[in-house]
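Heads up: the structure comes next, in structure tokens.
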Amino acid sequence: MRTGVLLAAAMLALGAFALIRLGTQPQALLAGGLLLLVGLPLLGVARRQLGSAFAVTPQAKGLVTRGLYSKIPHPMYVFLDLALLGAIVVLRQAWLLVFAAVLVLIQVWQARRESRVLEQAFGDTYRDYRKRTLW
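Be aware that the sequence shown starts at 133, since it is given in our numbering, and climbs by one per residue.
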């Protein structure tokens, strides 16, 4: 399933690139605006649902398995990336896709670190949770 997520991210990036290079300004504003309208509020919801378990560095403050976290193991990363992609499309600056790709790679690395910390702290409970999520 993780391969599918990376494939979906690559397809979104290619679509954004095509829209920036070949689309009209109104098309870019509409598509980018929709990504921002979806990504930013859901980023806020994910942050609120994480509550006191939020930390900048990987820590096992708690295992959140409700709301968006019931299906997506790292929704803050997902919705931040959607919003960023929307902003890049609105701005029609294809070179910023390189920055977004680097950010995604950093987030993948960080998500793996977080997963290791949570698995060490919560063991089978965490492994069962990950089996129920999309990737």
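All C-beta atoms in this analysis are idealised placements derived from N, C-alpha and C, irrespective of residue type, glycine included. Computed from a predicted structure; not experimentally measured.
N- and C-terminal bounds of the alpha helix (DSSP H) containing residue i
i: V234; result: L228 to F254
Residues near residue i in its chain [Cβ-Cβ closer than 8 Å; skip 5 each side]
i: A232; result: A145, D213, L216, L217 and I220
Backbone CA spacing between residue i and residue j [nearest angstrom]
i: A273; j: G136; result: What is shown of the chain runs 133 to 267, which leaves residue 273 out entirely.
i: L229; j: L182; result: 28 Å
i: V249; j: P190; result: 7 Å
i: A141; j: G147; result: 10 Å
i: Q239; j: R262; result: 17 Å
i: M208; j: A160; result: 24 Å
i: L169; j: S247; result: 29 Å
i: G176; j: L195; result: 18 Å
i: R224; j: G164; result: 9 Å
i: T197; j: L235; result: 25 Å
i: L167; j: A192; result: 31 Å
i: Q157; j: M143; result: 21 Å
i: L174; j: R180; result: 10 Å
i: L139; j: G255; result: 29 Å
Close Cβ partners of residue i (< 7 Å) along its chain, the five nearest in sequence each way excluded
i: V210; result: I204
i: T265; result: K203, I204 and P205
i: A226; result: F149, I152 and R153
i: R259; result: E251
i: A178; result: L200, P207, M208 and F211
6 Å CB neighbourhood of residue i in its chain, flanking five on each side removed
i: L172; result: A215
i: R245; result: P190
i: A253; result: A192
is_contact[residue i, chain B] using C-beta, thresh 9 Å
i: E251; result: No chain B appears in this structure, which consists of one protein chain only.
Tell me the start and end of each unbroken beta strand (DSSP E) in the segment 157-238 that is at least 3 residues and wholly inside, in chain order. The beta strand (DSSP E) runs lying completely inside the segment 157-238 and spanning 3 residues or more number zero.
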